[in-house]
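Q: There's a structure below that I have some questions on.
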Ligand code: SF4
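In the numbering used here, the protein residues as written are 545 to 829.
Below, the structure is given as structure tokens:
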């Protein structure tokens, strides 16, 4: 039996019996168990519900999830969002958007309703200019008062110089985040599972999983990039990306995100300067 370490967050797509672990995210699909059943099954451990299908975006599904963190992973028909405003207001919602041609329009629409947005870095970038508009909007719109991830967390943590990057914002940090698939296979995330990379199965002892070469190699992703002399070792934005964008497909083009990281880096410098000015003024007041 797998006894997960207490600090781990496990993403599951079935109502498995999970032993140990700190938090659980339930991935609900249209054909799977009702999301409300995850509340009964996982109790206090349930941290988040990921609604994987747009069909689940209806009042009857959302109302029982009141007060829970709910992420919408399949781009919904945004026309339905306004009609669902009362149910959405009772949740802690996050809309996960693809980096497609509509990304700026959709982000503006959702954030104007005070609904937080998370751009999925795993989706292909259809139009780099539209994605850049989202970052510009996040950085400069004085009326915006909900986060747009992953920009918000990356910018907020950079001045602290803490090791924090896309592995954290996308919930794939080794030693912290894991996924248990329908068949009980354990992987770092659904993306790794789809790519055929697994660490064991539910039922293996945790010490066996933690000792596996795949798990150990993942604990130091930056060290691995240098040891294997991957292209990312020359990247000026290894922090905050951590090589995440090329983790499964090394040939992936990440130019659009490189440009965003450059803008974020420049803004971090400006934020530090503003903070210095603030404290200098406060010190003389
Ligand atoms: S932005 Fe691209 S090249 Fe740079 S670290 Fe990330 S994946 Fe590697």
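We put the CB at the ideal spot given by N, CA and C, even for glycine.
1) Just reading off the alpha helix (DSSP H) that residue 757 is part of, what are its end residues?
2) So is residue 763 buried or exposed if we call it buried at 16+ other beta carbons inside 10 Å?
3) Please tell me whether residue 647 and residue 678 are closer than 8 Å, where the distance is taken between their beta carbons.
4) What residue ranges within the stretch 549 to 620 form continuous alpha helix (DSSP H) runs of no fewer than 4 residues, ordered along the chain?
5) With a CB to CB cut of under 8 Å and the five nearest residues on each side skipped, what residues in its chain are close to residue 636?
6) Does DSSP classify residue 829 as helix, strand or coil?
7) Expressed to the nearest angstrom, what Euclidean distance is found between the alpha-carbon atoms of residue 828 and residue 626?
8) Out of 565, 641, 606 and 650, point me to the one whose CA is closest to residue 630's CA.
9) Please check the pair residue 598 and residue 621, which I expect to be a contact at CB under 8 Å, by giving their CB distance rounded to whole angstroms.
10) Which first and last residues belong to the alpha helix (DSSP H) in which residue 696 is found?
11) Residues near the ligand SF4, CB to any non-hydrogen atom under 7 Å, in chain order?
12) For the beta strand (DSSP E) containing residue 689, name the first residue and the last one.
A: Judging by the given coordinates:
1) Start and end: 757 to 763.
2) With fewer than 16 Cβ atoms within 10 Å of its Cβ, residue 763 is classed as exposed.
3) Cβ atoms of residue 647 and residue 678: closer than 8 Å.
4) With a minimum length of 4 residues, the continuous alpha helix (DSSP H) runs that stay inside the stretch 549 to 620 are 579 to 586 and 603 to 606.
5) The residues are 611, 612, 613 and 614.
6) Since pLDDT at residue 829 reaches only 41, below the 50 mark, its modelled position is unreliable, and the value read off the structure follows with that caveat. Three-state result, residue 829: coil.
7) Note that residue 828 scores 47 on pLDDT, short of 50, meaning its location in the model is unreliable; the coordinates nonetheless yield the value given after this. Each residue's alpha carbon lies about 49 Å from the other.
8) Comparing Cα positions, the closest option is 606.
9) Yes, residue 598 and residue 621 are in contact; Cβ-Cβ is about 6 Å, under 8 Å.
10) Residue 696: member of the alpha helix (DSSP H) spanning 695 to 701, first to last residue.
11) Near the ligand SF4, residues with a Cβ at less than 7 Å from any of the ligand's heavy atoms are 775, 776, 779, 781, 782, 785, 786, 787, 788, 789, 790, 798, 801, 802 and 805; the list follows chain order.
12) No beta strand (DSSP E) holds residue 689; DSSP gives it neither H nor E.
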